[in-house]
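A.B. asks:
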Amino acid sequence: MTRVLIVDDEPQIVRALLINLRARGYDVDTAADGRTALAAAARRHPDVIVLDLGLPDMSGTEVIEGLRGWLTVPIIVLSARHGSEAKVQALDLGADDYVTKPFGMDELLARLRAAVRRAAPAEEPAVVRTAAFTVDLAAKKVTRDGGDVRLTPTEWQVLEVLVRNAGRLVSRRQLLREVWGPSYEHETNYLRVYLAQLRRKLEPDPSRPAHLITEPGMGYRFEA
């Protein structure tokens, strides 16, 4: 049974979600503020979290930061804030989806099902091959033209994050956070330097990369 944690201080929304989710076989816990939510997540280990950004004791973004330090389950944000800035901040901090109030129950339930499906463990290929090079994730090794490519530990970490998210955009903040830590989230010059080094070592034409792609203003994507 999928366990859902609802974090919202509006009783009518909580009641509507409880009725609809339980009717569809979900196990549901609720929290009306951020501190209760963090404690409930630690105690009950939900499979997915539905989180309002406007909470009485702390912001929803602070809750996301608190959860993402140790929890990887999907977080669907509910908010009356329509501006793109709030959405971008929530997504950058680790939210998986964003639903604006007022919302249709059918749409929210569909997004919840999709988030749970995406989070289901999938068999990850140990070896990823491109036309130019091969990445062995288990052995932490890269080969090109029949020989090993020498990467620094940081170069490997950057490449590994991108390869494990093959085909998906990895934001600059996410990449900096995963490789260097939260205090380096704005050091985008690091990424330019290390992506340039990786392209020189791996791409047939570093000036026109085919596998380590820059998405201007957003982040990077690995394409096999």
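In full-length UniProt numbering, the protein residues as written are 1 to 224. All C-beta atoms in this analysis are idealised placements derived from N, C-alpha and C, irrespective of residue type, glycine included. Values in this document were obtained by computation on a predicted structure and should not be read as measured data.
So, with DSSP's three-state summary, where would you put L71?
C.D. replies: coil
A.B. asks: Tell me, please, whether the stretch 98–110 touches the stretch 176–191 by the rule of three or more beta-carbon pairs shorter than 8 Å.
C.D. replies: no
A.B. asks: Residue range of the alpha helix (DSSP H) that D27 falls in?
C.D. replies: Unbroken run through D27 is the beta strand (DSSP E), D27 to A31; no alpha helix (DSSP H).
A.B. asks: Taking 9 Å as the threshold (C-beta atoms), are L38 and V28 in contact?
C.D. replies: Pairing V28 with L38 gives a Cβ-Cβ distance that is not under 9 Å.
A.B. asks: Measure from the alpha carbon of G147 to the alpha carbon of each residue in V116, A120, R117 and K201, then state which is nearest.
C.D. replies: The shortest CA-to-CA distance from G147 to any of V116, A120, R117 and K201 is the one to K201.
A.B. asks: Who does R221 pair with in a DSSP beta bridge?
C.D. replies: I213
A.B. asks: Using 9 Å as the threshold, is the C-beta distance between L159 and L212 below it?
C.D. replies: yes
A.B. asks: Which residues mark the beginning and the end of the beta strand (DSSP E) in which G34 is found?
C.D. replies: G34 -> not in any beta strand (DSSP E); alpha helix (DSSP H) instead, spanning G34 to R44.
A.B. asks: Excluding the five sequence neighbours on either side, which residues of its own chain have a C-beta within less than 7 Å of the C-beta of V161, listed in chain order?
C.D. replies: Close CB contacts of V161 within its chain, under the 7 Å cut and outside five residues either way in sequence, are with V170, L175, E178 and V179 (chain order).
A.B. asks: For P102, is the classification buried or exposed, using 16 other Cβ atoms within 10 angstroms of its Cβ as the cut-off for buried?
C.D. replies: exposed
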